[in-house]
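Beneath this line is the structure, given in structure tokens, with notes to follow.
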Amino acid sequence: MPPKRAKGRRGQGEVPSAAPNEQPLVHMPPDVMVHVLSHLEQRERVLASEVCRVWRDFTLSPVLWSNLKLVLQSDDSEAASDSFLGWLLPRAGAVNALHIEVLESPNPGSEFVVGTMSNLSAALMAVAGSLRRLEVETAGVLVVSQWAAALAQLHTACFIAGELHVKQGLGKLPRLTDLEFGSNNAELIIEEGLGCMPPSVTHLSLEHCRLARLPPAIARLTQLRSLDLSQNTFEEEAGDELRMLAALTGLECLKLANCRMSQVPSELSALRRLRILHMGGNLEEEFEAQDSEAVEAALRPLRSLQVLVVSQCNMQLPDAVRRMSRLERLFVTSTPVTSLSQGTYCRCLRHLCLDWDVAFESVDMLQQCAALEMLTLARPHRTEAADVQEEESAAKLASTLLHHKTLKQVNVVAVQGRGLHLSIHTLRFVLALSKAAPRLRVELIDSWDSDLVRIPNLADMD
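For reference, each letter of the sequence shown is one residue, going 1 to 462 in the UniProt record's numbering.
Written out as structure tokens, the structure is:
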């Protein structure tokens, strides 16, 4: 699975504004409006004023403003800030979710001054009493400090910036449970101290934060259940980059995708409550015997694991995995693994994702997966050359799947826009399965972002 792009929510077809959509009528000079209305009969003028009053009352309804997105200019004037605040205040008590996007100035020489900070502070203070969810996004520098302490009702917060600094403030929010940071251009900085990270947080995402080691402040999160560290760089230079993990014994979900790790962290062995572990896109160097022993030691205690992702890892599947009695989903594509053998893990497996050639050599194992509902096949054969062995393997696999009692769906994955160029035998395999519809569905997937192969979160498992 390829690395994800940097965090940010632009480009989703939405063009929000800090104020209602401005139409030409709004810009019409008052004297012109008066002149136009003067041509109406008195009764029509009364009706016009009544319609305007009623519509104004309607637009203040809490139902319309519970979810609000504001786009702020980084070089707004104080006058613009006052106008914006005047529009927001009558609606502030209804805002439950607020997404603030601070745009970069079109003028490279302008300073990030009163306008934006006045807008941002005013917006947050105005909605503090009702706000439950907050997202702040900017391509520039964002400092999360004491202004955040006033948002006492906040449950979910997301801060994404080109450069992100977290200071005292968030730690004073007793209801904050879901927290996400993104720092696309510079390493995320979290100050040490009691006021930076609230101990109430149960779900924390530090994806795309340019981290080289886990911030010490994370150790304060004693209630943490889910931690996403994907798309950072933990290259084991000092050997203690992930030392803080061992203290997070309540973790049930840990994602370390595409972190350039050369070894499996030994700290994993302390996380005995883990249900989801995503290590895909690591371990690029060739494994030696001692490395395999380290992986075995790290994974052996994880007896509660239900989801394991080791795709794009240069490692064989450890015996510890085959002994996992609760494993429900296993992703093992683009690895040196050539076949999967039978084991305790066959008992509960419901979704297995592996390469075609591995599936051909794992028929006996698949027959033992008594609960298997979905099989995903990646990296299909693309050669058109005749291959008797492949023909026999494809036929045997097709027969096994067609007679499988619990299997409901087979996914065929082709990514990076190359399309599906299947060999003749593999194409026959797909056609054979298609004939079993509707009992057995065959889906062609062109992206790893598809919900069919998405790595689950705790919310999906609870």
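Idealized CB from N, CA, C, for every residue including glycine.
**Report entry** Whether glycine 93 touches serine 130 by CB criterion (8 Å)
**Finding:** Position 93 of the sequence shown, counting from 1, holds the residue named residue 93. Position 130 of the sequence shown, counting from 1, holds the residue named residue 130. Yes, the pair counts as a contact, with Cβ atoms nearer than the cut-off.
Requested in this report: Pull up the distance between the alpha-carbon of alanine 386 and that of serine 393, whole angstroms please.
Outcome: By one-based count along the sequence shown, residue 386 stands at place 386. By one-based count along the sequence shown, residue 393 stands at place 393. Per-residue confidence for alanine 386 stands at a pLDDT of 45, beneath the threshold of 50, marking its modelled position as unreliable; no derived number is given.
Report task. Mind listing, in chain order, the continuous beta strand (DSSP E) runs of no fewer than 3 residues lying wholly within the stretch 312-337? Result -> Within the stretch 312-337, the complete beta strand (DSSP E) runs of at least 3 residues fall at 329-332.
Query raised in the report: What runs of the beta strand (DSSP E), each 3 residues or longer, lie entirely inside the stretch 251-296?
Result: Listed in chain order, the complete beta strand (DSSP E) runs (minimum 3 residues) inside the stretch 251-296 are 253-255, 276-278.
Query raised in the report: Considering only the beta carbon of each residue, do arginine 133 and alanine 97 sit closer than 8 Å?
Result: Within the sequence shown, numbered from 1, the residue matching residue 133 stands at position 133. Within the sequence shown, numbered from 1, the residue matching residue 97 stands at position 97. Yes.
Requested in this report: Leaving out five residues on either side along the sequence, give the residues of the same chain with a beta carbon under 6 Å from the beta carbon of alanine 436.
Outcome: Here residue 436 refers to the residue found at position 436 of the sequence shown. Excluding positions up to five away in sequence, the list reads Leu402.
Query - Close beta carbons around valine 201, own chain, < 8 Å, minus the five adjacent residues each side - result: As a first step, residue 201 is located in the sequence shown; it is residue number 201 there, counting from the start. Closer than 8 Å at the Cβ level, and outside the excluded window around valine 201, lie Leu176, Thr177, Asp178, Leu179, Leu221, Gln223, Leu224.
Report task. Might you give, ordered along the chain, the residues of its own chain that have their beta carbon closer than 7 Å to the beta carbon of arginine 45, omitting 5 neighbours on each side? Result -> As a working note, residue 45 is residue 45 in the sequence shown. So the qualifying residues of the chain are Leu37.
**Report entry** Spatial neighbours of residue 508 in its chain, beta-carbon cut-off 6 Å, leaving aside the 5 residues before and after
**Finding:** This structure gives no information on residue 508, because the portion of the chain shown stretches from 1 to 462.
Requested in this report: Look at the alpha carbon of alanine 122 and the alpha carbon of histidine 203, and state the distance between them as a whole number of angstroms.
Outcome: Counting from 1 along the sequence shown, the entry for residue 122 is found at position 122. Counting from 1 along the sequence shown, the entry for residue 203 is found at position 203. In a straight line, the C-alpha of alanine 122 is about 28 Å away from that of histidine 203.
Query raised in the report: leucine 214 and leucine 256 look like a contact to me (Cβ under 8 Å); what is the Cβ gap, rounded to whole Å?
Result: For the purposes of this step, residue 214 is identified with residue 214 of the sequence shown, where counting begins at 1. For the purposes of this step, residue 256 is identified with residue 256 of the sequence shown, where counting begins at 1. The distance from the Cβ of leucine 214 to that of leucine 256 is about 11 Å, inconsistent with a contact at the 8 Å cut-off.
Query - Contacting residues, own chain, Cβ-Cβ under 8 Å from leucine 349 (five flanking each side not counted) - result: As a first step, residue 349 is located in the sequence shown; it is residue number 349 there, counting from the start. Taken in chain order, the residues that qualify are Leu327, Glu328, Arg329, Leu330, Cys369, Ala371, Leu372.
Requested in this report: Consult DSSP for lysine 167 and reduce its assignment to one of helix, strand or coil.
Outcome: For this step, residue 167 is matched to residue 167 along the sequence shown. Here lysine 167 sits in coil by DSSP.
Requested in this report: Would you mind working out which of Leu352, Pro90, Glu288, Gly140 sits nearest proline 62, comparing C-alpha positions?
Outcome: By 1-based counting over the sequence shown, the position of residue 62 is 62. Among Leu352, Pro90, Glu288, Gly140, the Cα nearest to that of proline 62 belongs to Pro90.
Query raised in the report: Out of curiosity, what's the CA-to-CA distance linking alanine 157 and leucine 151?
Result: Against the sequence shown, residue 157 aligns to sequence position 157. Against the sequence shown, residue 151 aligns to sequence position 151. Distance between alanine 157 and leucine 151, taken at the CA atoms: about 10 Å.
Report task. Could you check what DSSP says for arginine 441 in three-state terms: helix, strand or coil? Result -> Along the sequence shown, one-based indexing puts residue 441 at 441. Correct three-state label for arginine 441: strand.
Report task. Determine the DSSP secondary structure at isoleucine 218, reduced to helix, strand or coil. Result -> Numbered from 1 along the sequence shown, position 218 holds the residue referred to as residue 218. Here isoleucine 218 sits in helix by DSSP.
Query - Residues bridged to threonine 344 [DSSP beta-bridge criterion] - result: One-based indexing of the sequence shown puts residue 344 at position 344. Beta-bridge partners assigned by DSSP to threonine 344: none are found.
Requested in this report: Give a yes or no on whether the minimum CB-CB distance between serine 130 and chain D is below 8 Å.
Outcome: In the displayed structure, chain D is absent; only one protein chain is listed.
Requested in this report: Pick helix, strand or coil for serine 110, following the three-state DSSP scheme.
Outcome: Position 110 of the sequence shown, counting from 1, holds the residue named residue 110. With a pLDDT of only 46 at serine 110, under the threshold of 50, the placement of this residue in the model should not be trusted; the figure read from the coordinates follows. Assigned with DSSP and collapsed to three states, serine 110 falls in coil, not helix or strand.
Query raised in the report: Where do the N-terminal and C-terminal ends of the beta strand (DSSP E) with cysteine 158 fall, by residue?
Result: The residue labelled residue 158 in the question sits at position 158 within the sequence shown. Cysteine 158 -> beta strand (DSSP E) spans 156-161.
Query raised in the report: What whole-angstrom Cβ distance do arginine 210 and leucine 227 have, given they're in contact under 8 Å?
Result: As a first step, residue 210 must be located in the sequence shown, where it is residue number 210. As a first step, residue 227 must be located in the sequence shown, where it is residue number 227. With 8 Å as the limit, arginine 210 and leucine 227 do not qualify as a contact, their Cβ atoms being about 17 Å apart.
Report task. Identify the continuous alpha helix (DSSP H) that holds valine 358 and give its terminal residues. Result -> Within the sequence shown, numbered from 1, the residue matching residue 358 stands at position 358. Here the alpha helix (DSSP H) through valine 358 covers 356-360.
Query - Per-residue burial, leucine 444 [other beta carbons within 10 Å of its own, 16 or more giving buried] - result: Here the question's residue 444 lines up with position 444 in the sequence shown. Counting Cβ neighbours within 10 Å, leucine 444 comes out exposed, since fewer than 16 surround it.
Query raised in the report: Nearest to glutamate 288 by CA position, among Met197, Cys353, Leu70, Met315, is which residue?
Result: Numbered from 1 along the sequence shown, position 288 holds the residue referred to as residue 288. The candidate whose alpha carbon is nearest that of glutamate 288 is Met315.
Query - Of the listed residues Leu120, Asp82, Val307, Cys313, nearest to methionine 461 (C-alpha basis) - result: Start at 1 with the first residue of the sequence shown, and residue 461 comes out as number 461. Nearest C-alpha to methionine 461: Val307.
Query raised in the report: How big is the Cα-Cα spacing for alanine 298 and valine 310?
Result: Along the sequence shown, one-based indexing puts residue 298 at 298. Along the sequence shown, one-based indexing puts residue 310 at 310. Distance between the alpha carbons of alanine 298 and valine 310 is about 14 Å.
Query raised in the report: Thinking C-beta only, is glycine 140 closer than 8 Å to glutamate 104?
Result: Translated into the one-based positions of the sequence shown, residue 104 becomes position 104. Translated into the one-based positions of the sequence shown, residue 140 becomes position 140. Taking 8 Å as the Cβ cut-off, glutamate 104 and glycine 140 qualify as a contacting pair.
Requested in this report: Note the first and the last residue of the continuous beta strand (DSSP E) segment covering valine 136.
Outcome: Counting from one through the sequence shown, the residue named residue 136 turns up at place 136. Element bounds for valine 136: 133-138.
**Report entry** Cβ separation of serine 325 and arginine 300, assumed to be a contact under 8 Å, to the nearest whole Å
**Finding:** Locating residue 325 in the sequence shown gives position 325, counting from the first residue. Locating residue 300 in the sequence shown gives position 300, counting from the first residue. Actually they are not in contact, since the Cβ atoms of serine 325 and arginine 300 sit about 13 Å apart, beyond 8 Å.
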